[in-house]
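Numbers given in our numbering equal positions in the sequence shown, counted from 1, plus 28. Working notes, structure below.
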Amino acid sequence: MASSMRSLFTDHSRYVESFRRFLSNSTEHQCMQEFMDKKLPGMIARIGDTKSEIKILSIGGGAGEIDLQILSKVQAQYPGVHIINEVVEPSAEQITKYKELVAKTSNLENIKFAWHKETSSEYQNRMMEKKELQRWDFIHMIQMLYYVKDIPATLKFFHSLLATNAKILIILVSGASSWQKLWEKYGPRLPRNDLCQYVTSSDLTQILDELGIKYKCYDLLSTMDISDCFIDGNENGDLLWDFLTETCNFNTTAPPDLKAEIMKDLQKPEFSIKKEGKVLFNNSLSFIVVEA
29 MASSMRSLFT DHSRYVESFR RFLSNSTEHQ CMQEFMDKKL PGMIARIGDT KSEIKILSIG
89 GGAGEIDLQI LSKVQAQYPG VHIINEVVEP SAEQITKYKE LVAKTSNLEN IKFAWHKETS
149 SEYQNRMMEK KELQRWDFIH MIQMLYYVKD IPATLKFFHS LLATNAKILI ILVSGASSWQ
209 KLWEKYGPRL PRNDLCQYVT SSDLTQILDE LGIKYKCYDL LSTMDISDCF IDGNENGDLL
269 WDFLTETCNF NTTAPPDLKA EIMKDLQKPE FSIKKEGKVL FNNSLSFIVV EA
């Protein structure tokens, strides 16, 4: 899945590994699971009312783990109803993994899958050219708005595709997380990638307010254990540094003064809490539910 994949390293395999280390050292997936279990059922309670089929659009579906959780909740809410699930995902590798996951998952008989290897803006352009806009009952964008150049236009477009009682679910880092502080303070001093932007729920809710779009926002606490970042020569720590700074081999290539400054900050209470000898970075997520 695209979760928190906010950067593209020149060394793709190292990048994928740094993202994997982030997931294994953080409560990101558990945090999403909690939302899916506690909030999602109420959120989708009316999306399929009086409909013979439910149309779901996944933007940046990644390898499909979270998508399949969402689909199981929709199935539970509407047993036996036919579901069309279309996925927009620019990575061929992720689409392959998604298809493999579907192939080995049971109880998907009433779901028809289609995958489109494209970005959200490519999908948008393709739809605009067709001039026949498909309506959707549920659209989700999980950890993918970092890659969108024109966020207001993207939100406006996908909001225009919502059917009656439909919803959009957006997940991204919270404005109350330490990512916001890290990006504000060090973003200008770190190598920037044109493909990704520093955006949090604070930016997003402001955009939605300006567009006059109704939404609800829920924040859930998530942490990332960055203790290994403070152990010299620790491989796990090195890969987590890459993820934190979106820089390949940050630990060995960064100017010593910059590294020392970030290292000092990351141990301060406004960035991380110290618990049972661990340093836990605030990775809190926002779940924004947009209404039709």
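Don't be surprised by glycine CBs; every beta carbon is placed ideally from N, CA and C. Predicted, not measured: the structure shown is a model, and the values here were computed from it.
Query	Result
Straight-line gap, residue 29 to residue 285 (C-alpha atoms, nearest Å)	Per-residue confidence for residue 29 stands at a pLDDT of 33, beneath the threshold of 50, marking its modelled position as unreliable; the derived number appears in the next sentence. In a straight line, the C-alpha of residue 29 is about 35 Å away from that of residue 285.
Nearest-angstrom Cβ-Cβ length linking residue 237 and residue 312, presumed shorter than 8 Å	Residue 237 to residue 312, Cβ: 21 Å. No contact.
Start-end ranges of the beta strand (DSSP E) lying completely within the region 154-212, minimum 3 residues	164-170 and 190-201
Continuous beta strand (DSSP E) stretch holding residue 314: start and end	313-319
Backbone secondary structure at residue 309 - three-state DSSP	strand
Cβ-based neighbour list, residue 72, same chain, cut-off 8 Å, excluding 5 preceding and 5 following	101, 102, 105, 166 and 195
Best match in 218, 112, 281 and 249 for proximity to residue 315 [C-alpha to C-alpha]	249
Collapsed DSSP secondary structure at residue 299 in the structure displayed	coil
Helix, strand or coil at residue 104 according to DSSP, with G and I counted as helix	helix
Pick from 148, 60, 62 and 50 that is closest to residue 85, judged by C-alpha positions	148
Nearest neighbour of residue 198, chosen from 111, 113, 191 and 187 [CA to CA]	187
Helix, strand or coil at residue 82 [DSSP, three-state]	strand
According to DSSP, residues forming a beta bridge with residue 251	310
Host beta strand (DSSP E) of residue 113 (start-end)	110-116
Per-residue DSSP class, three states only, for residue 87	strand
Buried or exposed (CB count within 10 angstroms, at least 16 for buried), residue 258	exposed
Those residues which DSSP pairs with residue 144 across a bridge	116
For residue 243 and residue 256, the rounded distance between their alpha carbons	38 Å
Buried/exposed call for residue 80, threshold 16 Cβ in 10 Å	exposed
Residue 218 and residue 273 closer than 9 Å at C-beta	yes
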